[in-house]
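Participant: Have a look at the structure that comes next, please.
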Amino acid sequence: METTCATRPGDTFNEDFVTAGGHFAVVLDGATPEPGEDNGCVHSVRWLVQRLGSRLTAGLIEHEDAPLPELLRTAIAAAMEAHGGQCDLGNPRSPSATVAVLRAHDGRVDHLVLGDSAVVVQTGDQTVEAVVDERIHGFPERSWAELRHLRNRAGGFWVAGNSPEAAAHALTGSRPAKEIRRACALTDGAYRLVERYDWSWYELLDGLERDGPEAVLTLTRAAESATPAGTFPGKHHDDATVALCLIGGEDGPHPASAAGPG
Ligand SMILES: [Zn+2]
Numbered sequence: 005m006e007t008t009c010a011t012r013p014g015d016t017f018n019e020d021f022v023t024a025g026g027h028f029a030v031v032l033d034g035a036t037p038e039p040g041e042d043n044g045c046v047h048s049v050r051w052l053v054q055r056l057g058s059r060l061t062a063g064l065i066e067h068e069d070a071p072l073p074e075l076l077r078t079a080i081a082a083a084m085e086a087h088g089g090q091c092d093l094g095n096p097r098s099p100s101a102t103v104a105v106l107r108a109h110d111g112r113v114d115h116l117v118l119g120d121s122a123v124v125v126q127t128g129d130q131t132v133e134a135v136v137d138e139r140i141h142g143f144p145e146r147s148w149a150e151l152r153h154l155r156n157r158a159g160g161f162w163v164a165g166n167s168p169e170a171a172a173h174a175l176t177g178s179r180p181a182k183e184i185r186r187a188c189a190l191t192d193g194a195y196r197l198v199e200r201y202d203w204s205w206y207e208l209l210d211g212l213e214r215d216g217p218e219a220v221l222t223l224t225r226a227a228e229s230a231t232p233a234g235t236f237p238g239k240h241h242d243d244a245t246v247a248l249c250l251i252g253g254e255d256g257p258h259p260a261s262a263a264g265p266g
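Remember, the numbering used here sits 4 above the position in the sequence shown when you count from 1.
This is the structure:
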């Protein structure tokens with residue numbers, strides 16, 4: 005697996021996280037805190053994202069055979085421990101993050117998605133599957149006050165933060181590595197070209213391989229900057245992070261394709 009990563013802050017400092025090794029890539033995206041409300045925690049969102057990310061990375065390295073949800077569960081529990089007992093982790097506004105993982109293991113490629121970070125996989129026949137956890141966007145009309153009580157609850161949505169149980173609700177899958185040509189793990193800020201600007205997932209993967217993750221993030225920023233503020237809900241620029249993994253099906257990583265279906 006050949007992995008190339010890029011990460012870029014949005015309007016302020018970066019609350020995304022990315023790591024990659026020879027057999028895995030991890031991205032996390034810290035959730036925007038509820039404005040003006042005490043979240044029971046003395047730590048920043050970035051602090052939590054870094055603890056979750058570093059502990060998940062350590063698990064992927066040290067326990068190559070462990071199922072991804074088990075590694076995420078352990079990482080969430082370890083990050084909860086790291087708060088040091090001085091924070092109220094029962095607070096429904098407690099800081100949280102979304103997670104996407106790709107792992108090559110034992111001739112297979114496994115993925116895990118929790119929250120609106122995503123994994124996109126292209127098989128050798130140019131079929132593209134995007135794994136996006138839509139549950140987190142299932143309540144667009146709800147207020148912050150209502151949303152906080154839907155978090156990490158059955159019938160609501162699940163994120164990494166103050167509940168190890170959330171790991172069991174992640175979207176997971178596994179395919180033979182020989183069927184997969186390329187894949188990426190990315191935060192929602194890095195798939196705005198698809199979500200807002202009419203790119204297909206195939207075009208996004210192709211751009212990532214052909215021009216590189218940095219170039220795709222530059223195109224994302226350019227599209228945002230050309231869009232009048234207020235056109236879309238949410239932040240004008242979001243933290244954006246992507247890890248492109250070339251897997252290559254039967255023959256190892258392929259050279260960039262010149263053209264393909266869009
Ligand atoms: Zn804390």
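Positions of the beta carbon are idealized from the N, C-alpha and C atoms, including for glycine.
When the Cα of T127 is compared with those of D92, Y201, I184, which residue comes out closest?
Facilitator: I184
Participant: Per DSSP, which one or two residues make a beta bridge with T11?
Facilitator: T245
Participant: At 4 residues or longer, and completely inside the stretch 172-230: list those alpha helix (DSSP H) runs for me, N to C.
Facilitator: With a minimum length of 4 residues, the continuous alpha helix (DSSP H) runs that stay inside the stretch 172-230 are 196-199, 205-215, 217-229.
Participant: For the alpha helix (DSSP H) that T61 lies in, which residues bound it at each end?
Facilitator: 49-66
Participant: Skipping 5 residues on each side, what residues in its chain have a beta carbon closer than 7 Å to that of A81?
Facilitator: For A81, where only same-chain residues beyond five positions count, the Cβ hits under 7 Å are P168.
Participant: In chain order, what residues of the same chain have a beta carbon less than 6 Å from the beta carbon of F28, not counting five sequence neighbours either side?
Facilitator: L64, R107
Participant: Ligand 1 heavy atoms versus the CB of V163: any closer than 7 Å?
Facilitator: no
Participant: Just how far apart, CA to CA, sit A35 and A244?
Facilitator: When rounded, the distance between both Cα atoms is 13 Å.
Participant: What residue range is occupied by the uninterrupted beta strand (DSSP E) comprising A24?
Facilitator: 20-24
Participant: Going by C-alpha to C-alpha distance, which of L75, S121, A149 sits closest to D137?
Facilitator: Considering only alpha carbons, the answer is S121.
Participant: Report the rounded CA-to-CA distance for E38 versus W148, giving the unit in angstroms.
Facilitator: 7 Å
Participant: Comparing the CB of V46 with every heavy atom of ligand 1, is any distance shorter than 7 Å?
Facilitator: yes
Participant: For A164, which of helix, strand or coil comes out of DSSP?
Facilitator: strand
Participant: Is there at least one non-hydrogen atom of ligand 1 closer than 7 Å to the beta-carbon of C188?
Facilitator: no
Participant: Got a sec, what are the start and stop residues for the alpha helix (DSSP H) R77 sits in?
Facilitator: 72-86
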